[in-house]
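Undergrad: In mature numbering (1 follows the signal peptide of the UniProt record, and there is no 0), the protein residues as written are -33 to -1, 1 to 166.
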């Protein structure tokens, strides 16, 4: 009876509905050629490390969670200090930010998309996405205030805390963002009417 030696380092099994990926330590299996199953899946001896098997199972509908994009956007846009479980240590009031901005003591970093930034912005602010700000070591020692349209405060708070851990010690978040700035009557460059649509 012919036998061969099969070396397995990693196994990737794909099915119509599932993708299973198992990475295992290198090991070997002795297989009898005439005992191979028709579907070419090799069963292992019980004393060898386990390999995950994918089965074409139907997952019961009750175990799946459906998320509507509208619900997700609504929950993100309604992130308020009351809903966020952590401490809001980075939030700074619009009055305080305006005072620092007016005296040139803070650089306002608008993290919105560049197209939105070009429509309306706080004068002398810069446009820089968060992922780019993280690698701008030259800004670490400057007082910075993160500005967005005024939503997703929890996400901004967490980003601010992460930036502090990376060495940005003087960083804050403009509470309620550009909308609060505009509502307070502070200077805006561009289309002020577009800001009124912010939620």
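Note that the Cβ used here is the ideal one computed from N, Cα and C, for glycine as well.
How long is the line joining the alpha carbons of residue 140 and residue 158, rounded to whole angstroms?
TA: Using only the alpha carbons, I get a separation of about 23 Å.
Undergrad: Along the chain, where does the beta strand (DSSP E) containing residue 138 start, and where does it finish?
TA: It spans 138 to 141 - the beta strand (DSSP E) in which residue 138 sits, taken as one unbroken run.
Undergrad: Give the range of the alpha helix (DSSP H) segment to which residue 64 is assigned.
TA: Start and end: 61 to 69.
Undergrad: In whole angstroms, what is the alpha-carbon distance linking residue 111 and residue 137?
TA: Those two C-alpha atoms are separated by around 6 Å.
Undergrad: In the structure shown, what three-state DSSP assignment does residue 94 receive?
TA: Looking at residue 94 - three-state DSSP - the assignment turns out to be strand.
Undergrad: Between the Cα of residue 125 and those of 69, 83 and 97, spot the shortest distance and give me the residue it belongs to.
TA: Of 69, 83 and 97, the residue nearest in Cα terms is 97.
Undergrad: Between residue 70 and chain D, is the shortest Cβ-Cβ distance under 9 Å, so that the two count as touching?
TA: In the structure shown, chain D does not exist; there is a single protein chain.
Undergrad: Return the chain-ordered list of same chain residues with a C-beta closer than 6 Å to the C-beta of residue 58, the five sequence neighbours on each side being excluded.
TA: Closer than 6 Å at the Cβ level, and outside the excluded window around residue 58, lie 140 and 142.
Undergrad: Using the Cα positions of residue 116 and residue 104, report the straight-line distance between them to the nearest angstrom.
TA: Straight-line Cα distance between these residues: approximately 25 Å.
Undergrad: To the nearest angstrom, report how far apart residue 95 and residue 70 are at their CA atoms.
TA: Taking the straight line joining both Cα atoms gives about 22 Å.
Undergrad: Using a 10 Å radius around the Cβ and a threshold of 16 neighbouring Cβ atoms, would you call residue -2 buried or exposed?
TA: Caution applies to residue -2, whose pLDDT of 44 falls short of 50 and renders its modelled position unreliable; the value that the coordinates give is listed next. Exposed is the call here.
Undergrad: Would you identify the three-state DSSP class for residue 15, choosing helix, strand or coil?
TA: Low local confidence applies: a pLDDT of 38 at residue 15 is under 50, so the model's placement there is unreliable, with the coordinate-based value given in what follows. If DSSP states are grouped into helix, strand and coil, residue 15 belongs with coil.
Undergrad: What does the alpha-carbon distance come out to for the pair residue 121 and residue 66?
TA: Cα to Cα, the separation comes out at about 24 Å.
Undergrad: So what does DSSP say about residue 152, is it helix, strand or coil?
TA: Here residue 152 sits in coil by DSSP.
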